[in-house]
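Trainee: Here's a structure for you.
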Amino acid sequence: MAKNINNIHDKFVRESFSDPRRAAASLQTILPKALSDQLDFDILQVLQESYMDSQLSEYFSDLVFEVALNNSSHKKLDVALLFEHKSAPDKNVLIQLGYYLFAHYHKCIVDKKPLKPIIPIIYYQGKKEWKVTQLSSLFGKYPEDITNYLPIIHHVFVALHQVPDQTLLAMKSTMMAVAMVAQKWRHDPVKLAEDITRVFSVFHDELEDRNFLKQTFVYVLSASDIHPKEIKKILETIPEPIKEDIMTTYTRIAEENQQIGEQIGIQKGEQIGIQKGEQIGIRNKQTEIVLKAYDNGVAIPLISNITDLSEEQILNILKEHGKVV
């Protein structure tokens, strides 16, 4: 799938981790305890720079955090969160990761900047099972005396679908718990509704960021196939102070989708008896609706379902208009 098709997921991951408090809560949860115990997350900074270059942007997006050691030295290091653009596991991920690390270290040398350790996290949101093996597995069978010369790329691998629910629900940031539950269960609408409902029922007094909660709700509606029945279950558990905001957001999205459906329905009726020239006009209108829906964050499978266009046809329209590559 083209990189831009995954933009809705990339943007939401980036937004989720862009807040220092949410980022600190998630890193404390997903990093090995022996490592997280040595880091001072109270002074975590989300860096605005990316260590990515054009060679790797096809495979990853990254977010970089600066943290200090939790000891008297207070030396700083970077934690790089790399989220995959591929929906399927990539056996060459450690080569890509090694390139990412050493390209940045080389740039630091060229720019005469001090070197800092980088702890890389591979953040995988796909459904397929994936176990990242050692780099030596790519080279076939060689004697150990030979493979000893291959680099070992240490990393933290997070397969979100394998992170226990209780681990996510125990996070210090309720908003990050909601966000990661939304990412984890977007393929399973029933489980998604169950876990988000649990978060709201247990932590309802700690929902501190209304704007981000609305963004999460929009992500759930756009990125999952959740049924209106399950949505209503979630809405019922949201505390009153923010329930109205979420209901307004849901109503707006539902109305936009209904308008798209009505416009397309009118087009279908007009197609009866219309000659080829008029069909071109309908095609242009249909294209306009596809582009508008995509720009408003409507997921491609949902656009396909509404328009009766195949996902391939929708992708072609988006490519023709420079929305995807």
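Each residue of the sequence shown is one higher than the one before, counting from 959 in our numbering.
Cβ atoms here follow ideal geometry from the backbone N, Cα and C, with glycine treated the same way.
(1) Check each candidate in His1062, Gly1255, Ala1137 and Val1248 and name the one with the smallest Cα separation from Asp1123.
(2) From this set, Asp1048, Ile1111, Gln1271 and Glu1102, which residue's C-alpha is nearest Tyr1058's C-alpha?
(3) If you count every other CB in all the chains shown that lies within 10 Å of the CB of Leu993, and 16 or more means buried, which is it?
(4) What residue does the alpha helix (DSSP H) around Pro978 start on, and which one ends it?
(5) Residues in its own chain within less than 6 Å of Arg1144 by CB, not counting five upstream and five downstream?
(6) Answer with buried or exposed for Ser1131, where buried requires no fewer than 16 other C-beta atoms within 10 angstroms of its C-beta.
(7) Can you find at least 3 beta carbon pairs, one from the stretch 1018–1032 and one from the stretch 1165–1174, that sit closer than 8 Å?
(8) Below 8 Å on the Cβ atoms is my contact criterion, and I expect Asp1020 with Leu1039 to pass it. Report the Cβ-Cβ distance as a whole number of Å.
(9) Hey, Val1157 and Val1178: beta-carbon distance below 8 Å or not?
(10) Under the assumption that Gln1083 contacts Leu1118 (Cβ atoms under 8 Å), give the Cβ distance between them as a whole number of angstroms.
(11) So, with DSSP's three-state summary, where would you put Tyr1107?
(12) What first and last residue would you give for the alpha helix (DSSP H) that runs through Ile1080?
(13) Can you give me the start and stop residues for the alpha helix (DSSP H) that Ala1135 sits inside?
(14) With a threshold of 7 Å on Cβ separation, who are the neighbours of Val1037 within its own chain once the five nearest residues in sequence on each side are excluded?
Mentor: Per the coordinate set shown:
(1) In the sequence shown, counting from the first residue as 1, residue 1123 sits at position 165. Comparing Cα-Cα distances from Asp1123 to each of His1062, Gly1255, Ala1137 and Val1248, the minimum goes to Ala1137.
(2) Reading the sequence shown from its first residue, position 100 is the one you call residue 1058. Per the Cα distances, Ile1111.
(3) What you label residue 993 is simply residue 35 of the sequence shown in a count that begins at 1. Per the 10 Å Cβ criterion, exposed.
(4) On the sequence shown, position 20 is the one that residue 978 refers to. From DSSP, the alpha helix (DSSP H) with Pro978 extends over Pro978 to Ile988.
(5) Along the sequence shown, read from residue 1 onward, the residue named residue 1144 stands at position 186. Ala1181 and Ser1182, listed in sequence order.
(6) Position 173 of the sequence shown holds residue 1131. It is buried - the Cβ of Ser1131 has at least 16 other Cβ atoms within 10 Å.
(7) no
(8) Position 62 of the sequence shown, counting from 1, holds the residue named residue 1020. Position 81 of the sequence shown, counting from 1, holds the residue named residue 1039. Right, their Cβ atoms sit about 7 Å apart.
(9) For this step, residue 1157 is matched to residue 199 along the sequence shown. For this step, residue 1178 is matched to residue 220 along the sequence shown. No. Outside cutoff.
(10) On the sequence shown, position 125 is the one that residue 1083 refers to. On the sequence shown, position 160 is the one that residue 1118 refers to. That belief holds up - the Cβ atoms of Gln1083 and Leu1118 are roughly 5 Å apart, short of 8 Å.
(11) Within the sequence shown, numbered from 1, the residue matching residue 1107 stands at position 149. Tyr1107: coil per DSSP, three-state reduction.
(12) As a position in the sequence shown, residue 1080 is number 122, starting the count at 1. Not the alpha helix (DSSP H): Ile1080 falls in the beta strand (DSSP E), residues Ile1076 to Tyr1082.
(13) What you label residue 1135 is simply residue 177 of the sequence shown in a count that begins at 1. Per DSSP, Ala1135 belongs to the alpha helix (DSSP H) from Thr1132 to Lys1142.
(14) Within the sequence shown, residue 1037 is the residue found at index 79, counting from 1. If we look at Val1037 and ignore the five residues flanking it on each side, its Cβ neighbours are Leu985, Phe1023, Val1025, Ile1077 and Ile1079.
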